[in-house]
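The structure appears below as C-alpha cells.
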Amino acid sequence: MRLHTRFHRTAALVAGLGLALSGLAACGDAGDGDAETVDVEVEEDAADAFDDGTRMKELAESGEITIGVKFDQPGIGFKGATDDMPTGIDPEIGKILAASLGIAPEDITWKETISDNREPYLIDGEVDLVLASYSITPERREVVGQAGPYYVTGQQLLVASDSDIDSLDDVKGTEVCSVTGSTSLENIEAEGAEPRGFDTYSECVDQVLSGAVDAMTTDGAILLGYAAENPDELKVVVDPFSEERYGVGYSLDHPEMCQWIVDTLTEAQDGDAYDAAFEATLGQSGVDTPEAPEMDACPE
Amino acid sequence: MDDVFSSFDLVLRAFWLTLQLLVLSGVASLLLGTLLAALRVGPVKVLNRLGTLYVSVVRNTPLLVMFIFVFIASPTLDLFVGTPFLVKGVIALTIYTSAFVCEAVRSGINSVSLGQAEAARAIGLTFGGTMREVILPQAFRATVPPLASVLIALAKNTSVAAAFGLMEATARMRFFTNNNANDRVLIFLTFAIGYIIIVEVMSAGAYSFERRWRVAR
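Structure follows, in C-alpha cells:
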C-alpha cells in the first residue's frame, strides 16, 4: 500500500513536470506564430496614451482577456451546449482583437452576455470587451464605450414558406415574435404588429414553425441562418427596414481602448482577416461579404 | 427616463395585461383549487388519489417548466396552436397556482373541527351540502391569510409570461431598459412600484375580508 502511494506520487510528479514542459513549449509556439506584429502595436499605443499603463498593455501582459458574446444567435455568436468555443462573426472579431494583444484564441475567456447585462458587465469589469450584436446607440454611448461599427445589418422577417406576408405593410395586426426587450421587437411594434417576446431566438423560430405566430423578426443575418436550417418550411422576406450598426463595447474607464479597436479592425479590413471571418460565419448562409463599414471616429 | 414618461400609456397598458393575467388566472385557480381540495377531502378514494397526484406533480414542477410546456412543447403536439397568447398564459398560471390554492383551502377545511361535519351529517345533509353550507364557509375564513399569500405570489408570477410572448409589465420594462441603458435603475424602480401597488391593494383587500369575517364569527 505504501509502495503504491509512493509510486503514485512519483508518477504524478513526472506527469506534472511533463505538463509544465509541454505548457512552456506551447507558449513558445504561440509567441512565434501570430504574435509578432502584435507586441509592437501594444508598445506604440502605450507610448501614445497619456496614462502610463494602458488597459491594452495590462491585458497583453496578463495574456488573458474576457470577451462577452451572445450564445444563442447562429452566425453572430452561438455556442451549443457541447461546444468548447462560440462561433460566429462576433467571436471571430474578438479573436482578431485578442491576437493583436498577443493573446491566442485558447486563452480568451468567453462569457455569455444577454442584451440586459452588457452594460453592467462592462462597467463592473466582468468582461473586457463586449461583442454581442451590440448595436451602437447614443444612449448606450453615454454609459459605455462603443467602437466600430464592424458590421452593419438590417431587420427583416422570417415567415413560413406558404405565408402571405410579403411586404412590411402586411405585418399590421399580425403576431410577430422576437426576443423580449430587443430593438427588433420595438421596431415591429411601431409597424403595427402585435409584439411577442420570447427568451431566445430558437424558441421564437419554434413559434413560427408551429404557426403560433405569423412571423419572426430580427437582424437579417440571424434569420438567414434559420432559413438555411429549414429551407422547406421557412423563408426570409422584406427588404431590411432598419439599420443596426454592431460595435465593440468597452468600459469608459479605459477610453484608450477605442482607438486600438478601430485601428486593429481597420487593419483587419484592409487585409483579408475580416473577409475570412465573415465568410467562415455569416457567409455560410449565402450572404455576400459586405463592403467593410466605415468606422466612427473615437471620442475626444 | 423621459422615454418612459412620454410613453407612459405603454406602461399602463403593460400593467393592464398583468392585471388581466392576475385576475383571470386568480379566479380560475380559486375555482379549480377549491374543486381539487374537495376531491382531496371527499369520501371517494379514487378522487382523493387523483387530487393528491395533481398536487404532487404540479406543486413540484417549476412555473417556468409549466410555461414551456404550454407555449413551447404543446404546439409541437398540435395542442393550443390557435389559442390566443393571453389564454395560454392564463392556462399555465392556473395549472400551477391551483395546486397551491388546493392546499391552502385544504388546510382551512382541516381547521374546521370534525364535530361540525358530524353534526351536519346528523341533520341529513349530503356530502355536498355539508361542504357548501357548513364546512366551506368556516374554512374560507381560516383560508384568507394563506390564500392571500398564494394570490400575491401569483401577481408576481405573472412576470414569467414576459418571456412567452406577452407584453406585460416585466416585458415592457425590458423594452425600456434595452433603449435606456443610462436610466436602468429608475426604470426598475418605476416598474417595481407598479407591482408594489398591485400587491398592496391585494393585501389590503385580504385584511378587510379577514376583519369582516372575524366579526361574523
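Protein chains in written order, with our numbering: chain A, 7 to 306; chain B, 512 to 728. No residue lacks a Cβ here, since even glycine has one placed at the ideal position from N, Cα and C. The structure displayed is predicted, hence computed values, not measured ones.
- Between the alpha carbons of E195/A and E644/B lies a gap of roughly 52 Å.
- With respect to L665/B, L604/B sits close: the two C-beta atoms are nearer than 8 Å.
- CA-to-CA, the gap between T272/A and L521/B works out to about 42 Å.
- Judged by pairs of C-beta atoms under 8 Å, the region 68-77 of chain A does not touch the region 276-283 of chain A, as fewer than three such pairs exist.
- Chain-order list of chain A residues neighbouring F519/B: empty, with the shortest C-beta distance near 16 Å, by a criterion of under 9 Å.
- For V569/B, none of the residues of chain A pass the 7 Å Cβ criterion, the least Cβ distance being about 22 Å.
- At a beta-carbon threshold of 7 Å, the residues of chain A lying near I583/B are E209, D212, ordered along the chain.
- G100/A is classed as buried because its beta carbon has at least 16 other beta carbons within 10 Å across all chains shown.
- From the beta-carbon of V149/A, the residues of chain B found nearer than 9 Å are A692, N693, R695.
- C-alpha of Q627/B to C-alpha of L558/B: approximately 23 Å in a straight line.
- Cβ contact annotation for S216/A (same chain, cutoff 7 Å, sequence separation greater than five): none.
- For G600/B, there are no C-beta contacts with chain A under 9 Å, since the nearest C-beta of that chain is about 11 Å from it.
- Counting only Cβ-Cβ distances below 9 Å, V576/B has no contacts in chain A at all, with the closest Cβ about 13 Å away.
- For the set A227/A, D130/A, A110/A, the Cα lying nearest the Cα of R251/A is the one of A227/A.
- With respect to the C-alpha of G705/B, the residue from F686/B, L523/B, T594/B having the closest C-alpha is L523/B.
- At least 8 Å separates the CB of T669/B from every CB of chain A.
- Judged by pairs of C-beta atoms under 8 Å, the region 234-252 of chain A does not touch the region 701-715 of chain B, as fewer than three such pairs exist.
- The beta carbon of I109/A sits closer than 8 Å to the beta carbons of L65, A66, G69, E70, I71 from its chain, once the five residues preceding and following it are set aside; these are given in chain order.
- Three or more Cβ pairs drawn from the region 533-542 of chain B and the region 600-615 of chain B lie within less than 8 Å of each other, which places the two stretches in contact.
- Scanning its chain for C-beta atoms nearer than 7 Å, with the 5 sequence neighbours on each side dropped, one finds around S141/A the residues T189, E250, R251, Y252, in chain order.
- In the assembly as shown, I708/B is an exposed residue. Its beta-carbon has fewer than 16 other beta-carbons within 10 Å.
- Assignment of beta strand (DSSP E) within the region 517-558 of chain B, counting only whole runs of 3 or more residues, yields no such run.
- Residues of chain A whose Cβ lies closer than 8 Å to the Cβ of R524/B do not exist, since the nearest Cβ in that chain is about 11 Å away.
- In the DSSP assignment, the residues bridged to T224/A are Q162/A.
- Counting the other Cβ atoms within 10 Å of the Cβ of L164/A gives 16 or more, which makes it buried.
- At a beta-carbon threshold of 7 Å, the residues of chain B lying near D205/A are A674, ordered along the chain.
- DSSP, read as helix, strand or coil, puts E70/A in coil.
- At a Cβ-Cβ threshold of 8 Å, L240/A and V214/A count as neighbours.
- At a cut-off of 8 Å between beta-carbon atoms, P201/A makes contact with chain B.
- At a C-beta separation below 8 Å, T688/B has these neighbours in chain A: D122, G187.
- Between the C-alpha atoms of G86/A and D205/A there is a straight-line separation of about 16 Å.
- Collapsing the DSSP output to three states places C613/B in a helix.
- Using a CB distance cut-off of 8 Å, V592/B counts as an interface residue toward chain A.
- Residue pairing by DSSP places A653/B in no beta bridge whatsoever.
- A166/A has its alpha-carbon roughly 18 Å from the corresponding atom of V185/A.
- Going by DSSP, P201/A is part of no alpha helix (DSSP H) but of the beta strand (DSSP E) stretching over 200-204.
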